[in-house]
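Peer 1: For the sequence shown, the working numbering begins at 1 and goes up steadily by one.
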Amino acid sequence: MKRTHHCGQLDKTLAGQQVQLKGWVQRRRDLGQVIFLDLRDRSGIVQVVCSPEVSEEALKAADRVRNEYLVAVSGIVVERNEQAVNDKLATGAIEVHVRELEILNVSKSLPFQIEADTDAAEDVRLKYRYLDLRRPDMQEAFAMRHKIMKSVRDFLDADGYLEIETPMLTKSTPEGARDYLVPSRVHHGQFYALPQSPQIFKQLLMVSGFEKYFQIVRCFRDEDLRADRQPEFTQIDIETSFLDTEDILAMTEAMMEKLLKETHGLELKRPFSRMTYEEAMNRYGSDKPDTRFGMELIELSDVLKDTEFKVFKGALEAGGIIKGLTLKGGADKLSRKDIDALADFVKPYGAKGLAWLKVDDEGIKGPIAKFFNEAQTAALLAAMDAEAGDLLFFGADKKQVVFHALGALRLKFGKEFQLIDENAFHFLWVTDFPLVEYDEQAKRFVALHHPFTRPKAEDLDLMETHPEQVRAEAYDLVLNGFELGGGSQRIYERELQEKMFKLLGFSSEAAKEEFGFLLEAFDYGTPPHGGIALGLDRIVMLLARKSNLREVIAFPKTASASDLLTEAPNKVSVEQLIDLNLSIISKRS
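1) Please report the residue range of the beta strand (DSSP E) in which G395 lies.
2) Out of R134, F345, I45 and S301, state which residue places its alpha-carbon closest to the alpha-carbon of K88.
3) Determine the extent of the beta strand (DSSP E) in which Y438 is found, giving its start and end residues.
4) Could you tell me which residues DSSP puts in a beta bridge with F36?
5) Measuring straight from C-alpha to C-alpha, what distance separates C219 and R229?
6) So E163 packs on F214, CB below 8 Å; how close in whole Å?
7) Using only the alpha-carbon positions, how far apart do R336 and D390 sit?
8) Whose C-beta lies closer than 6 Å to the C-beta of K456 among residues of the same chain, with five residues either side of it excluded?
9) Counting pairs of Cβ atoms below 8 Å between the stretch 185-195 and the stretch 570-583, do you hit three or more?
10) At which residue ranges does the stretch 207-253 contain complete beta strand (DSSP E) runs of 3 or more residues, listed in the order of the chain?
11) Mapping the DSSP letters down to three states, classify H450 as helix, strand or coil.
12) Need the endpoints of the beta strand (DSSP E) that K358 sits in, please.
13) Tell me which same chain residues have a C-beta within less than 7 Å of the C-beta of M500, skipping the five on either side of it?
14) Looking only at C-alpha atoms, which of R145, F393, G395 and L21 sits nearest to E100?
15) For L392 and G350, which I take to be in contact (beta-carbon distance under 8 Å), what is that distance rounded to the nearest angstrom?
16) Along the alpha helix (DSSP H) that carries R129, what are the first and last residues, could you check?
17) State buried or exposed for H264, treating a residue as buried only when at least 16 other CB atoms are found within 10 Å of its CB.
18) Between the stretch 422-432 and the stretch 263-280, can you find at least three pairs of beta-carbon atoms closer than 8 Å?
19) Under three-state DSSP, which class holds I322?
20) With three or more C-beta pairs closer than 8 Å as the rule, is the stretch 151-163 touching the stretch 189-199?
21) Does DSSP put P195 in a helix, a strand or coil?
22) Could you tell me if the beta carbon of E575 falls within a distance shorter than 7 Å of some heavy atom in the ligand FMN?
23) Select from H466, K571, S562 and E296 the residue whose C-alpha is nearest the C-alpha of R410.
24) In whole angstroms, give me the CA-to-CA distance for L204 and L518.
25) So, with DSSP's three-state summary, where would you put M144?
26) Quick check on DSSP: helix, strand or coil for E163?
27) Could you compute how far the alpha carbon of R125 sits from the alpha carbon of P111?
28) Is it true that the stretch 236-254 meets the stretch 555-574, where meeting means three or more beta-carbon pairs spaced less than 8 Å apart?
29) Return the bridge partner residues of H5 from the DSSP annotation.
30) Mind checking whether G487 and A447 have CB atoms under 8 Å apart?
31) Please state whether DSSP places T377 in a helix, a strand or coil.
32) Quick one: what's got a C-beta closer than 7 Å to I368's C-beta in the same chain, skipping five residues either side?
33) Distance check for G366 and E387, CA to CA, integer angstroms please.
34) Leaving out five residues before and five after K399 in sequence, what residues of the same chain have Cβ atoms less than 8 Å from its Cβ?
35) Rounded to whole angstroms, what is the Cα-Cα separation between D119 and D132?
36) Going by Cα to Cα distance, which pick from G481, T465 and G525 is closest to R494?
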């Protein structure tokens with residue numbers, strides 16, 4: 001039986017026509033002399049009816065059918081009477097009266113129902129991922145993923161970009177997350193690394209004169225996982241010669257504008273908002289702020305410079321800062337128990353506690369109210385735009401501790417008290433990142449993005465004297481509080497790249513050993529170039545309104561980097577290890 005239509009295609013215009021369908025049985029209802037089957041394929045669901053009036057043989061075959069049996073049916077499209085129309089189905093105005101039914105394959109009892117909404121545990125869904133992917137909402141997510149990839153490819157192709165593949169087996173280099181290593185059978189004791197990004201290769205393609213490159217590429221990072229991280233992920237990788245930062249930002253905005261219009265029918269406002277790294281941290285406590293709601297951090301260091309409260313005073317004397325957060329109407333939203341729990345919430349961010357005050361008609365109340373005189377209270381309430389019924393929260397410590405703790409608290413309040421417009425898409429460029437930051441454990445400077453990021457021209461003289469003050473010609477694209485990706489102008493002169501390596505603690509010998517091939521390439525007329533890499537998985541997650549990346553990756557890993565379907569990673573045979581000159585040793589305690 002050859003399929004003539006897809007289930008979701010049928011409508012009243014086909015009434016009276018014979019159709020042949022193939023799909024899975026979503027649901028079976030046996031009314032004795034009539035059996036109704038909801039037949040599903042990738043396009044949707046249609047009701048098919050087996051009755052003795054049309055075909056005794058089809059009815060007998062339908063009697064053997066169970067959920068998720070795969071069947072082929074041939075029948076006539078019939079318009080339903082008005083009372084029988086199912087508004088919940090796109091095909092609900094018609095049904096198919098079956099003349100012939102063939103069972104193509106059978107199914108065991110299911111571990112969970114194949115429905116849009118499921119209460120199945122995630123580990124069960126991942127173990128039976130091939131069943132989970134049959135669910136309509138999963139099919140829709142991957143249809144959107146395809147549409148996004150096609151939109152990106154079409155846009156970049158029209159703009160003159162060439163899609164060029166780069167190696168999956170490459171050299172392990174420092175200055176990133178841990179590499180996934182692949183032992184070489186031919187070169188005993190040596191290893192390839194799976195790429196964390198095609199960064200060096202795309203720069204070499206600019207040296208090669210391709211000028212405009214892109215790739216939708218799989219990348220690998222052996223790092224701790226969370227909801228928006230996976231050990232293998234896909235990024236939209238773009239590099240171009242002779243374009244400055246403004247050109248690259250404009251190109252990226254145009255690409256995202258096309259993408260949102262094609263997937264959601266939305267017209268984006270361009271240019272996107274911009275904010276420096278310093279401004280983002282000061283206002284939102286995050287370098288990827290969610291700007292769909294306010295509740296900005298309030299600078300209080302000057303307002304409270306004469307405070308007698310030891311915690312605040314000590315923070316200022318140690319060179320730290322004081323910032324506040326106003327929860328409007330918070331007095332009615334949070335109990336004392338809730339407030340105490342918030343102190344534990346901020347501790348993972350480095351905060352030692354959480355100071356707070358409640359505002360009422362008489363002024364302020366709370367554990368630290370006694371440390372404020374009348375003038376300080378008035379100044380504080382004015383600075384925090386506070387009124388009766390509000391709750392005020394404070395962070396006093398090193399800058400980064402205050403930013404991270406209050407930034408996380410702000411997001412928590414935004415979600416818990418429905419302050420966020422979940423239907424909005426707020427794009428934001430964050431610019432002027434620090435080039436490097438000091439790693440207290442390693443006792444050296446590390447690149448905030450990567451070692452190939454170009455310093456701002458006006459800050460070059462600071463590289464040797466005040467490296468922490470050097471800003472990078474770098475930019476991140478943020479959507480609704482998630483970093484979609486980032487990019488930069490690149491270093492393309494050997495002398496400056498060697499200077500950058502030296503700043504990061506590389507000796508001349510180490511730099512040559514790790515990156516000698518790149519340094520040599522820079523001796524052959526390398527053009528100015530820059531680019532951007534956007535996380536495809538994260539883009540799909542946000543546009544499909546999913547809660548985590550596992551919902552938009554066909555076969556994802558768990559939080560422990562395991563594949564519950566294939567049971568990877570797994571042990572390999574002794575013979576394989578011998579071929580690779582490897583042996584397994586016990587991990588030191």
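Just so it is clear, CB atoms sit at the ideal spot from N, CA and C, and this is done for glycine as well. This one's a predicted model, so the numbers in the text were calculated from it and none came from an experiment.
Peer 2: Result, derived from the coordinates:
1) L391 to D397
2) I45
3) V436 to D439
4) R29 and V49
5) 12 Å
6) 6 Å
7) 14 Å
8) R471 and E473
9) yes
10) 212-220 and 232-241
11) coil
12) A355 to D360
13) P451 and I491
14) L21
15) That belief does not hold up - the Cβ atoms of L392 and G350 are roughly 21 Å apart, past 8 Å.
16) R129 to D132
17) exposed
18) yes
19) strand
20) no
21) coil
22) For the ligand FMN, the structure offers nothing, since it holds no ligand at all.
23) E296
24) 7 Å
25) helix
26) strand
27) 9 Å
28) no
29) Its beta-bridge partners do not exist; DSSP assigns none.
30) no
31) helix
32) F309, A355 and L357
33) 15 Å
34) M281, G320 and I321
35) 12 Å
36) G525
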